[in-house]
Amino acid sequence: MAQESVLNEKLLLNIFNRIYQGILVLSSSNTILAINSEAENLLNVSQHEVVGRNLKSICPELVIEGRIINGNIDLISGTKINSRLVQPDKTSKRILFLEYNLEKGDIDILENVINSIDEAVMVCDNQGKLIIYNEANQRLDGLSKEQVIGKHVTSVYGLSEETSLLILTMKQRQPIIDRQQSYTTFTGRSLNIMCNTYPLFKESKIVGAVSIQRDYSKIKELSDKIIELQEQLFESSKKTFKAGSKKSAKYVFNDIVGNSAILKQTITLAKRVANTNSPILIYGETGTGKELFAQSVHNYSKRASEPFIAINCAAIPENLLEGILFGTVKGAYTGAVDRPGLFEQARDGTLLLDEINSMGLGLQAKLLRVLQEGAIRRVGAADEVLVDVRVITNVNIEPTLAIEKQLLREDLFYRLGVVYLKVPSLRYRKEDIPILVKGFIAGYNKTLNKKIKDISPRVMELFLDYSWPGNVRELQHAIESAMNIMHEDEEIIALEHLPHHMESKLDNGYHEKDSLQGILEEITLLETMGKLEKEVLLKALERNNWNVSRTAKQLNIKRQSLQYRIKKYEIK
Numbered sequence: 178m179a180q181e182s183v184l185n186e187k188l189l190l191n192i193f194n195r196i197y198q199g200i201l202v203l204s205s206s207n208t209i210l211a212i213n214s215e216a217e218n219l220l221n222v223s224q225h226e227v228v229g230r231n232l233k234s235i236c237p238e239l240v241i242e243g244r245i246i247n248g249n250i251d252l253i254s255g256t257k258i259n260s261r262l263v264q265p266d267k268t269s270k271r272i273l274f275l276e277y278n279l280e281k282g283d284i285d286i287l288e289n290v291i292n293s294i295d296e297a298v299m300v301c302d303n304q305g306k307l308i309i310y311n312e313a314n315q316r317l318d319g320l321s322k323e324q325v326i327g328k329h330v331t332s333v334y335g336l337s338e339e340t341s342l343l344i345l346t347m348k349q350r351q352p353i354i355d356r357q358q359s360y361t362t363f364t365g366r367s368l369n370i371m372c373n374t375y376p377l378f379k380e381s382k383i384v385g386a387v388s389i390q391r392d393y394s395k396i397k398e399l400s401d402k403i404i405e406l407q408e409q410l411f412e413s414s415k416k417t418f419k420a421g422s423k424k425s426a427k428y429v430f431n432d433i434v435g436n437s438a439i440l441k442q443t444i445t446l447a448k449r450v451a452n453t454n455s456p457i458l459i460y461g462e463t464g465t466g467k468e469l470f471a472q473s474v475h476n477y478s479k480r481a482s483e484p485f486i487a488i489n490c491a492a493i494p495e496n497l498l499e500g501i502l503f504g505t506v507k508g509a510y511t512g513a514v515d516r517p518g519l520f521e522q523a524r525d526g527t528l529l530l531d532e533i534n535s536m537g538l539g540l541q542a543k544l545l546r547v548l549q550e551g552a553i554r555r556v557g558a559a560d561e562v563l564v565d566v567r568v569i570t571n572v573n574i575e576p577t578l579a580i581e582k583q584l585l586r587e588d589l590f591y592r593l594g595v596v597y598l599k600v601p602s603l604r605y606r607k608e609d610i611p612i613l614v615k616g617f618i619a620g621y622n623k624t625l626n627k628k629i630k631d632i633s634p635r636v637m638e639l640f641l642d643y644s645w646p647g648n649v650r651e652l653q654h655a656i657e658s659a660m661n662i663m664h665e666d667e668e669i670i671a672l673e674h675l676p677h678h679m680e681s682k683l684d685n686g687y688h689e690k691d692s693l694q695g696i697l698e699e700i701t702l703l704e705t706m707g708k709l710e711k712e713v714l715l716k717a718l719e720r721n722n723w724n725v726s727r728t729a730k731q732l733n734i735k736r737q738s739l740q741y742r743i744k745k746y747e748i749k
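So in my numbering, the last one in the sequence shown is 749, and the numbering has no gaps at all.
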């Protein structure tokens with residue numbers, strides 16, 4: 178290979194190893210030709226181990242754009258593919274795969290590679306003239322490659338040789354790291370960037386320099402958000418928690434309403450494990466009351482007098498969440514200050530991570546290490562801090578499905594799910610609906626200043642027949658919605674008061690007159706029908722030896738409807 182070609186290959190790898198994104202360069206037959214330092218770290222391999230080998234032998238299982246790929250993968254030269262590389266332990270890694278076309282010139286290859294990365298990259302020769310200017314840089318500066326290639330870096334950016342980092346790094350023969358720089362392009366656009374600049378050598382001779390930069394305004398915005406969220410959470414935890422108080426977790430097991438066997442079993446199990454230190458994973462559909470269980474576990478445990486802190490992982494961007502959870506040290510990034518994360522703030526208490534399946538897999542790996550080691554490392558810190566925290570996590574989809582969809586690490590699931598609680602959906606405990614309705618009506622009578630007494634029989638029948646996809650929360654909102662629109666003289670919630678989204682159920686025979694006036698007019702008939710229904714139920718139960726399931730099947734009604742009527746008529 179020609180000497181000039183060797184220079185370009187070294188330049189390629191030099192730039193590769195300065196970039197934070199993992200990069201693999203492949204031949205058209207998927208032979209690994211180059212790998213940068215970040216990809217080595219992500220895959221836990223070294224360059225000499227993998228260069229020259231086929232990708233399949235290193236990573237037999239790949240997931241690209243959600244599809245599992247076995248064997249060769251077809252890649253277009255210079256095309257960026259947002260890929261997820263899955264190791265046997267299901268660890269997610271973001272890798273950029275680039276095909277290296279041996280028939281192209283090396284400069285073309287280099288430009289194809291750096292045009293595929295997210296960082297803005299420019300390269301100048303030893304005279305300061307720009308020879309490489311990637312697409313990310315074009316987007317950042319608002320300039321085209323044709324406007325800058327061949328021009329001196331100082332003329333493009335309105336800098337002097339004393340202020341141009343590319344020129345300085347060549348003069349000093351040393352990298353310039355994390356330097357903030359402001360400049361105005363020759364189009365008049367002002368920019369603030371965070372830049373890393375490196376001299377490029379060939380046999381101890383300076384042959385050029387490379388600059389890798391990011392938009393400082395975005396970095397500053399990100400750091401400001403982290404600081405703001407940390408301050409909010411830190412101040413909130415100080416206000417809501419005082420030593421010896423339970424203000425940070427207000428619910429106890431008595432606040433979980435229901436008499437169904439399945440709910441009682443879940444409560445019994447939760448009480449049994451409350452005083453252990455093992456992590457708890459709570460699964461339940463949206464609206465089932467997972468946080469009620471988490472808070473109740475905390476208040477039932479020996480940690481009840483210590484902090485309870487909850488955070489919804491879906492509500493915080495992934496790039497902010499690490500600093501929020503683990504804290505930061507001054508200098509970790511621009512504007513960072515020494516600030517404890519939620520793990521430190523919840524010391525000796527309980528930390529609830531809601532919707533853990535919304536946390537990025539990379540951060541899940543760090544969480545797993547914290548759970549295994551009992552120590553955290555603040556962002557930007559070298560030392561670890563021991564923490565004694567009981568971790569409770571919630572998921573709103575089946576954990577096995579979350580693992581299958583690569584929303585939850587399998588190894589983290591085994592660590593979090595040492596204790597596994599499944600909160601039952603309302604459709605599986607419909608016998609609890611009457612007592613829940615009674616409680617919601619009593620509560621909203623106080624807050625809305627109403628005097629509602631009950632729901633109509635037809636509404637109860639609808640409630641028992643409805644599937645409740647939103648579970649207890651949907652029932653609560655249905656009662657609140659109905660009571661808000663009722664007139665002052667109305668005392669019974671009727672079908673006409675229910676939310677519109679339940680209208681589909683009203684087409685199944687529920688449209689009959691259901692106002693308070695109609696109920697009062699038919700009171701005698703209802704009493705007569707009630708007595709007759711009670712006799713029919715008694716005889717049917719006796720015929721089936723009081724087996725509720727068989728009786729309900731014989732009467733062609735739902736088991737929950739029969740249980741409701743048994744309680745209604747006080748059949749014993």
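Note that the Cβ used here is the ideal one computed from N, Cα and C, for glycine as well. Note that this is a predicted model, so its numbers are computed, not measured.
Thinking just about the alpha-carbon of each residue, which of 725, 430, 616, 644 is nearest to the one in residue 141? Examination of residue 141 is not possible in this model, given that the chain is present from 178 through 749 alone.
When burial is assigned at 16 or more other CB atoms within 10 Å of the CB, is residue 643 buried or exposed? The residue you call residue 643 lines up with position 466 of the sequence shown. Label assigned to residue 643: buried.
What residue range does the alpha helix (DSSP H) around residue 520 cover? Translated into positions along the sequence shown, residue 520 becomes position 343. Start and end: 519-522.
Residue 365: buried (16+ other C-beta within 10 angstroms of its C-beta) or exposed? Here residue 365 refers to the residue found at position 188 of the sequence shown. Label assigned to residue 365: exposed.
According to DSSP, simplified to helix, strand and coil, what is residue 726? Along the sequence shown, one-based indexing puts residue 726 at 549. In the three-state scheme derived from DSSP, where H, G and I count as helix and E and B as strand, residue 726 is classed as helix.
Need the endpoints of the beta strand (DSSP E) that residue 310 sits in, please. By one-based count along the sequence shown, residue 310 stands at place 133. Element bounds for residue 310: 307-310.
Comparing alpha-carbon positions, which option in 501, 549, 664, 602 lies nearest residue 530? One-based indexing of the sequence shown puts residue 530 at position 353. Minimum Cα distance to residue 530 is reached at 501.
Counting Cβ pairs closer than 8 Å, one from the region 626-646 and one from the region 665-680, do we hit at least three? Two segments are said to touch when three or more pairs of C-beta atoms, one from each, lie closer than 8 Å; by this definition the region 626-646 touches the region 665-680.
Which of helix, strand or coil DSSP assigns to residue 664: Reading the sequence shown from its first residue, position 487 is the one you call residue 664. Coil.
Count the other CB atoms within 10 Å of the CB of residue 209; is the residue buried (16 or more) or exposed (fewer)? Counted from its first residue, the sequence shown places residue 209 at position 32. By the Cβ-count criterion, residue 209 is buried, with 16 or more other Cβ atoms from all chains shown falling within 10 Å of its own Cβ.
Inspect the CB distances between the region 613-628 and the region 654-661 and report whether three or more fall short of 8 Å. Verdict: yes, contact present.
Round the Cβ separation of residue 554 and residue 503 to the nearest angstrom and send it over; I've been treating them as touching at under 8 Å. Locating residue 554 in the sequence shown gives position 377, counting from the first residue. Locating residue 503 in the sequence shown gives position 326, counting from the first residue. Rounded to whole angstroms, the Cβ separation of residue 554 and residue 503 is 7 Å, and the two are in contact under 8 Å.
For the beta strand (DSSP E) that residue 485 lies in, which residues bound it at each end? As a first step, residue 485 must be located in the sequence shown, where it is residue number 308. Element bounds for residue 485: 485-489.
Could you give the distance in angstroms between the alpha-carbon of residue 426 and the alpha-carbon of residue 676? Taking the sequence shown and counting its residues from 1, one reaches residue 426 at position 249. Taking the sequence shown and counting its residues from 1, one reaches residue 676 at position 499. Between residue 426 and residue 676, the C-alpha separation is close to 31 Å.
Would you mind listing the beta strand (DSSP E) stretches within the region 594-641 that are 3+ residues and don't spill past its ends, in chain order? For the region 594-641, whole beta strand (DSSP E) runs of length 3 or above, ordered along the chain, are 596-599.
Who are residue 299's beta bridge partners in DSSP? Working through the sequence shown from its first residue, we reach residue 299 at position 122. BP columns for residue 299 point to 310, 388.
Mapping the DSSP letters down to three states, classify residue 748 as helix, strand or coil. If you number the sequence shown from 1, residue 748 lands on position 571. Reduced to three states, the DSSP call for residue 748 is coil.
Contact check, residue 636 vs residue 613, beta carbons under 8 Å: In the sequence shown, the residue the question calls residue 636 occupies position 459. In the sequence shown, the residue the question calls residue 613 occupies position 436. For the 8 Å CB-CB criterion, residue 636 and residue 613 do not form a contact.
Can you name the start and end residues of the beta strand (DSSP E) that residue 567 belongs to? Counting from 1 along the sequence shown, the entry for residue 567 is found at position 390. Residues 567-572.
Pair every Cβ in the region 320-330 with every Cβ in the region 297-309, then say whether three or more of these pairs are closer than 8 Å. Per the Cβ contact rule, the region 320-330 is in contact with the region 297-309 (3 or more Cβ pairs under 8 Å).
Distance, residue 715 Cα to residue 748 Cα: Residue numbering aside, residue 748 sits at position 571 when the sequence shown is read from its first letter. Residue numbering aside, residue 715 sits at position 538 when the sequence shown is read from its first letter. Rounded to whole angstroms, residue 748 to residue 715 spans 7 Å at the Cα level.
Residue range of the alpha helix (DSSP H) that residue 461 falls in? As a working mapping, residue 461 is identified with position 284 in the sequence shown. Here residue 461 belongs to no alpha helix (DSSP H), and DSSP marks it neither H nor E.
Please report the straight-line C-alpha distance between residue 583 and residue 442, rounded to a whole angstrom. The count along the sequence shown starts at 1 and reaches residue 583 at position 406. The count along the sequence shown starts at 1 and reaches residue 442 at position 265. Taking the straight line joining both Cα atoms gives about 31 Å.
Rounded to the nearest angstrom, what separates residue 565 and residue 535 at their Cα positions? Residue mapping note: residue 565 aligns to position 388 of the sequence shown, counting from 1. Residue mapping note: residue 535 aligns to position 358 of the sequence shown, counting from 1. Rounded to whole angstroms, residue 565 to residue 535 spans 24 Å at the Cα level.
Pick out whichever of 321, 317, 460, 515 has its Cα sitting closest to the Cα of residue 577. Counting from one through the sequence shown, the residue named residue 577 turns up at place 400. Ranked by Cα distance from residue 577, the first of 321, 317, 460, 515 is 460.
Buried versus exposed, by CB contacts within 10 Å (16 or more), residue 475: The residue you call residue 475 lines up with position 298 of the sequence shown. In the assembly as shown, residue 475 is a buried residue. Its beta-carbon has 16 or more other beta-carbons within 10 Å.
Do residue 539 and residue 484 have their C-beta atoms closer together than 8 Å? Start at 1 with the first residue of the sequence shown, and residue 539 comes out as number 362. Start at 1 with the first residue of the sequence shown, and residue 484 comes out as number 307. Against a cut-off of 8 Å, the Cβ pair of residue 484 and residue 539 comes out as no contact.
Go ahead and label residue 389 buried or exposed: buried means 16 or more other beta carbons lie within 10 angstroms of its beta carbon, across all protein chains shown. In the sequence shown, residue 389 corresponds to position 212, counting from 1. Label assigned to residue 389: buried.
Candidates 203, 206, 213, of which the one nearest residue 192 by Cα: Along the sequence shown, read from residue 1 onward, the residue named residue 192 stands at position 15. When the alpha-carbon of residue 192 is set against those of 203, 206, 213, the nearest one is in 213.
Residue 391 and residue 370: beta carbons closer than 8 Å? Taking the sequence shown and counting its residues from 1, one reaches residue 391 at position 214. Taking the sequence shown and counting its residues from 1, one reaches residue 370 at position 193. Pairing residue 391 with residue 370 gives a Cβ-Cβ distance under 8 Å.
Under 8 Å Cβ to Cβ from residue 563, same chain only, skipping five residues before and after it: list those, please. Position 386 of the sequence shown, counted from the first residue, corresponds to residue 563. Closer than 8 Å at the Cβ level, and outside the excluded window around residue 563, lie 551, 552.
Delimiting residues of the beta strand (DSSP E) encompassing residue 679: Against the sequence shown, residue 679 aligns to sequence position 502. Note, residue 679: premise wrong, no beta strand (DSSP E); not H, not E.
Buried/exposed call for residue 454, threshold 16 Cβ in 10 Å: For the purposes of this step, residue 454 is identified with residue 277 of the sequence shown, where counting begins at 1. Residue 454 is exposed by the Cβ-count criterion.
Does the beta-carbon of residue 494 have 16 or more other beta-carbons within 10 angstroms, so that it is buried, or is it exposed? Within the sequence shown, residue 494 is the residue found at index 317, counting from 1. Classification for residue 494: exposed.
Give the straight-line distance between the Cα atoms of residue 355 and residue 375, rounded to the nearest whole angstrom. Numbered from its first residue, the sequence shown carries residue 355 at position 178. Numbered from its first residue, the sequence shown carries residue 375 at position 198. A direct Cα-to-Cα measurement between residue 355 and residue 375 gives close to 11 Å.
Hey, residue 600 and residue 470 are a contact pair by Cβ (cut 8 Å); roughly how many whole angstroms apart? Here the question's residue 600 lines up with position 423 in the sequence shown. Here the question's residue 470 lines up with position 293 in the sequence shown. For a cut-off of 8 Å, the C-beta gap from residue 600 to residue 470 is around 6 Å, short enough to register as a contact.
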